[in-house]
Each structure stands twice: as structure tokens, then as C-alpha cells.
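Trainee: Supplied in C-alpha cells, the structure appears directly below.
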Amino acid sequence: MTLRVGSGAGKAPATGKRKGKAAPATTAATERDVVVRPISRETEKALDYRQWVEERRAYVAKASGGRLGYVHMFDMSAGALAQLYLDLDAENMGREGVVVDVRNNNGGFVNVYAIDVLARRSYLTMSNRSQPTPMPARTALGQRALELPTVLVTNQHSLSDAEDFSEGYRAEKLGKIVGEPTGGWIIFTGGATLLDGSSLRLPGSTIRAARDGKVMEMNPRPVDVAVTRPIGESYTGRDVQLDTAVKELLGQLKPGSAGAAGGR
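First residue of the sequence shown? That's 178 in the numbering used here, and the numbers climb one at a time after it.
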């Protein structure tokens with residue numbers, strides 16, 4: 178769809194005189210054509226979400242003096258995992274550590290693959306004649322491996338497979354967990370159709386934490402540093418949970434040098 182818009186009438190230099198004063202003249206409105214591309218509500222929501230992620234990425238970079246990166250997982254779907262691979266880009270890989278955020282993540286099924294990206298460590302380096310500086314073998318071979326210190330941020334709306342992710346993060350001793358305990362909503366269910374055509378969900382599998390054998394349903398995954406955002410904080414431009422996560426992760430790093438990528 179093309180819209181024609183005008184800038185409105187404006188004043189131009191004087192072209193005559195009236196009682197000894199310059200008489201102002203007006204010019205016709207200037208017009209131009211603007212192409213408007215309608216988008217669906219789902220596309221708009223996706224664009225809003227990406228803006229939200231980029232704002233927090235910039236927030237963490239500023240709060241850490243350019244030393245830390247940031248990634249957020251919207252849910253635990255295959256699409257979110259693919260986005261995680263994209264978000265762990267050269268800028269994030271160039272930082273000294275990364276804040277991993279799964280707040281408001283309502284789950285899925287890819288937690289083990291996401292944990293794998295954070296847990297992998299290289300045991301070899303590789304170099305060649307054109308690249309004499311040794312680099313981690315996993316990265317050289319194109320494998321997804323962050324190989325940087327991390328901190329995890331959760332809240333009460335981190336549900337289901339996001340809770341599996343939090344448990345895996347703790348079990349693998351990948352770093353501290355900051356924020357609020359998860360929702361305690363982890364159980365596998367399946368659909369059942371009734372005679373009248375209606376349907377319901379039936380529990381099918383119980384999930385237990387291997388480290389202590391406890392059932393995870395109704396048992397939220399705990400945090401190491403408890404932080405609750407004050408009501409209305411989202412309107413102030415502050416995020417105390419991210420501030421705390423940045424402080425905790427910086428405390429694990431050697432003081433001094435900023436990340437290779439610098440701040441934004």
C-alpha cells in the first residue's frame with residue numbers, strides 16, 4: 178500500500194513589503210509517497226520481542242563496561258535454539274562472559290541442547306599456516322560451544338523445560354543462578370479426546386532431579402542469589418535482576434581489561 182503524505186505549508190523568505198515590513202509568503206505543502214507494508218500481529222510481536230532483546234543486550238553491555246554479552250531464550254522450541262545459535266555471534270563471543278536469560282520462558286523440549294552449548298569445553302586447539310594463532314578446536318570445527326563464563330537469570334514465569342534447563346545449569350555447575358525460583362510446573366502430559374469431542378491433558382511422566390531424586394513438579398528450581406523486581410520497575414528503564422547478574426558474573430572475572438568487542 179502506498180500513502181501520499183505532505184509536510185504542510187511553511188513560511189518562505191519575504192517577496193514583498195507591507196507598511197515597511199517584509200510580507201511573509203507561504204509555500205505549498207511538499208508531498209511524497211511512502212510505501213507501507215502491513216504485517217500480521219504475530220510478526221509485530223516477533224519484532225517487538227527482538228527489540229526487547231536488543232535493548233537488554235545494550236543494557237548489559239553498558240552495565241558491565243562492555244565486558245559481558247547477553248542472550249535470551251523466548252522458549253525451549255527448536256526455533257528458539259536456532260536463535261540462540263545466531264545470538265551467540267561474534268560480538269557475544271568476543272565478550273568475557275555472557276548473561277543467559279530464561280525469564281518468561283514457558284518451556285518446550287530443547288533444554289539439553291542449549292545446556293550442551295554452554296557446557297562444552299575444548300580439549301584441543303587448532304592452527305594452520307594461514308591462521309597461526311591457536312584457537313579452540315570446537316570453534317574451529319564449527320561446533321556450537323560458548324566456552325565463556327555465564328550467569329543464569331530466572332523468574333517465576335520460567336516454566337516447564339526452562340526449569341529443566343535451570344536444573345541442568347545447576348547440576349553441571351555452569352555458574353550462579355540469579356532472580357526468582359521457577360514456577361514448579363514441570364511434568365509431561367498427553368492429550369486425550371472424550372466421547373463428546375472435548376479434550377483434556379493427562380499426566381504421563383514424572384520428572385525428578387538426578388542430583389537429589391526429588392520430584393520437580395510443585396518444587397520450583399531455586400536460585401543462588403534471590404532478586405525480585407519491584408512493581409513498576411519496568412517503566413523506569415532499570416532491571417535489578419540484570420544488574421545483580423552482571424555484578425555476580427563480573428565478580429568471577431579477572432578485573433581490568435574490557436572485552437575484545439568493547440561496549441556499545
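Glycine residues also receive a C-beta, built at the ideal position from the N, C-alpha and C atoms. Please read these numbers as outputs of a predicted model, since none were measured by experiment.
1) Please state whether DSSP places Val232 in a helix, a strand or coil.
2) Kindly give me the distance between the Cβ atoms of Arg214 and Val182, rounded to whole angstroms, as I take these residues to be in contact under 8 Å.
3) CB of Asn269 to nearest heavy atom of the ligand HEM: below 6 Å?
4) Output the distance between the C-alpha atoms of Val279 and Glu357, rounded to the nearest integer angstrom.
5) Count the other CB atoms within 10 Å of the CB of Ser217; is the residue buried (16 or more) or exposed (fewer)?
6) Considering only the alpha carbon of each residue, which of Met250, Glu268, Arg297 and Ala257 lies closest to Val445?
7) Quick one, are the C-beta atoms of Leu336 and Gly284 less than 7 Å apart?
8) Could you check how far apart the C-beta atoms of Val442 and Leu419 are, in whole angstroms? I think they sit under 8 Å.
9) If you follow the alpha helix (DSSP H) that Leu329 is in, where does it begin and where does it stop?
10) Here's a check: name, in chain order, each residue in its chain whose Cβ is nearer than 7 Å to the Cβ of Ala435, leaving out the five neighbours to either side.
11) Going by DSSP, what residue range makes up the alpha helix (DSSP H) through Phe342?
12) Report back the beta-carbon spacing between Met253 and Ala369 to the nearest angstrom; my notes put them in contact at under 8 Å.
13) With Asp210 as the anchor, note down where its beta strand (DSSP E) starts and where it stops.
14) Can you check which of these residues, Arg298, Tyr346, Leu430 and Glu268, is closest to Ala291 by C-alpha distance?
15) Does the distance from the CB of Thr421 to the CB of Val400 come in under 7 Å?
16) Between the region 254-272 and the region 219-226, can you find at least three pairs of beta-carbon atoms closer than 8 Å?
17) Does Leu377 pass the burial test, meaning 16 or more other C-beta atoms within 10 Å, or should it be called exposed?
18) How far does the alpha helix (DSSP H) with Gly428 in it extend, from its first residue to its last?
19) One question on the structure: do Leu323 and Leu295 come within less than 7 Å of each other, judged by their Cβ atoms?
20) What does the Cβ neighbour count give for Ser411, buried or exposed, with the cut at 16 atoms within 10 Å?
21) Got a sec? Which residues, its chain only, sit under 6 Å from Arg441 by beta carbon, not counting five neighbours each side?
22) Over the uninterrupted beta strand (DSSP E) stretch that includes Arg378, give me the two end residues.
23) What would DSSP say about Ile408, mapped onto helix, strand or coil?
24) Within 10 angstroms of its Cβ, does Tyr247 collect 16 or more other Cβ (buried), or is it exposed?
25) Could you compute how far the alpha carbon of Arg321 sits from the alpha carbon of Ser343?
26) In terms of residues, what are the limits of the beta strand (DSSP E) holding Arg315?
27) Out of Val423, Val287, Met303 and Ile364, state which residue places its alpha-carbon closest to the alpha-carbon of Gly319.
28) Would you tell me roughly how many angstroms separate the C-alpha atoms of Ala314 and Arg297, rounded to the nearest one?
Mentor: Looking at the coordinates:
1) Counting from one through the sequence shown, the residue named residue 232 turns up at place 55. The question names Val, but residue 232 in the sequence shown is Glu. Three-state DSSP puts Glu232 in a helix.
2) Position 37 of the sequence shown, counting from 1, holds the residue named residue 214. Position 5 of the sequence shown, counting from 1, holds the residue named residue 182. Not confirmed; about 15 Å, so no contact.
3) Absence of the ligand HEM is noted for the structure shown, with no ligands found whatsoever.
4) As a first step, residue 279 must be located in the sequence shown, where it is residue number 102. As a first step, residue 357 must be located in the sequence shown, where it is residue number 180. Their backbone Cα atoms lie some 11 Å apart in a straight line.
5) For this step, residue 217 is matched to residue 40 along the sequence shown. Looking at its Cβ environment, which holds fewer than 16 other Cβ atoms inside 10 Å, Ser217 is exposed.
6) The question about residue 445 has no answer here: the residues shown for the chain are numbered 178 through 441.
7) Taking the first residue of the sequence shown as position 1, residue 336 is located at position 159. Taking the first residue of the sequence shown as position 1, residue 284 is located at position 107. Yes; because the gap between Cβ atoms is below 7 Å, this pair is in contact.
8) With the chain covering 178 to 441 only, the question about residue 442 has no answer from this structure.
9) Locating residue 329 in the sequence shown gives position 152, where the first residue counts as 1. Element bounds for Leu329: not the alpha helix (DSSP H) but the beta strand (DSSP E), Thr327 to Thr331.
10) If you number the sequence shown from 1, residue 435 lands on position 258. Reliability of the predicted coordinates at Ala435 is poor, the pLDDT of 45 falling under 50, and the value obtained from them is presented with this limitation in mind. Same-chain partners within the cutoff: Gly242, Gly243 and Arg244.
11) Within the sequence shown, residue 342 is the residue found at index 165, counting from 1. Where Phe342 is concerned, the enclosing alpha helix (DSSP H) stretches over Asp338 to Ala348.
12) On the sequence shown, position 76 is the one that residue 253 refers to. On the sequence shown, position 192 is the one that residue 369 refers to. The Cβ separation is near 24 Å, so there is no contact.
13) To locate residue 210, count along the sequence shown from 1; it is residue 33. Per DSSP, Asp210 belongs to the beta strand (DSSP E) from Glu208 to Val212.
14) By one-based count along the sequence shown, residue 291 stands at place 114. Closest by alpha carbon: Tyr346.
15) Along the sequence shown, read from residue 1 onward, the residue named residue 421 stands at position 244. Along the sequence shown, read from residue 1 onward, the residue named residue 400 stands at position 223. Contact flag unset, no.
16) no
17) Residue 377 sits at position 200 when you count from the first residue of the sequence shown. Leu377 should be labelled exposed.
18) By one-based count along the sequence shown, residue 428 stands at place 251. Here the alpha helix (DSSP H) through Gly428 covers Val417 to Gln429.
19) Taking the sequence shown and counting its residues from 1, one reaches residue 323 at position 146. Taking the sequence shown and counting its residues from 1, one reaches residue 295 at position 118. Yes, the pair counts as a contact, with Cβ atoms nearer than the cut-off.
20) Indexing the sequence shown from 1 puts residue 411 at position 234. Exposed is the call here.
21) As a first step, residue 441 must be located in the sequence shown, where it is residue number 264. With a pLDDT of only 33 at Arg441, under 50, the local geometry of the prediction cannot be trusted, and the value read off the model is given with reservation. These residues qualify, in order along the chain: Ala235 and Ala238.
22) What you label residue 378 is simply residue 201 of the sequence shown in a count that begins at 1. Ser376 to Ser382 is the span of the beta strand (DSSP E), which, as asked, contains Arg378.
23) The residue given as residue 408 occupies position 231 in the sequence shown. In this structure, Ile408 counts as coil in the three-state DSSP scheme.
24) Along the sequence shown, read from residue 1 onward, the residue named residue 247 stands at position 70. Taking all protein chains in view, the Cβ of Tyr247 is crowded by 16 or more other Cβ atoms within 10 Å, so the residue is classified as buried.
25) On the sequence shown, position 144 is the one that residue 321 refers to. On the sequence shown, position 166 is the one that residue 343 refers to. Between Arg321 and Ser343, the C-alpha separation is close to 19 Å.
26) Here residue 315 refers to the residue found at position 138 when the sequence shown is read from its first residue. For Arg315, no beta strand (DSSP E) encloses it; the enclosing alpha helix (DSSP H) starts and ends at Ala314 to Ala317.
27) Within the sequence shown, numbered from 1, the residue matching residue 319 stands at position 142. Closest by alpha carbon: Met303.
28) Taking the first residue of the sequence shown as 1, we reach residue 314 at position 137. Taking the first residue of the sequence shown as 1, we reach residue 297 at position 120. Ala314 and Arg297: Cα-Cα distance of roughly 11 Å.
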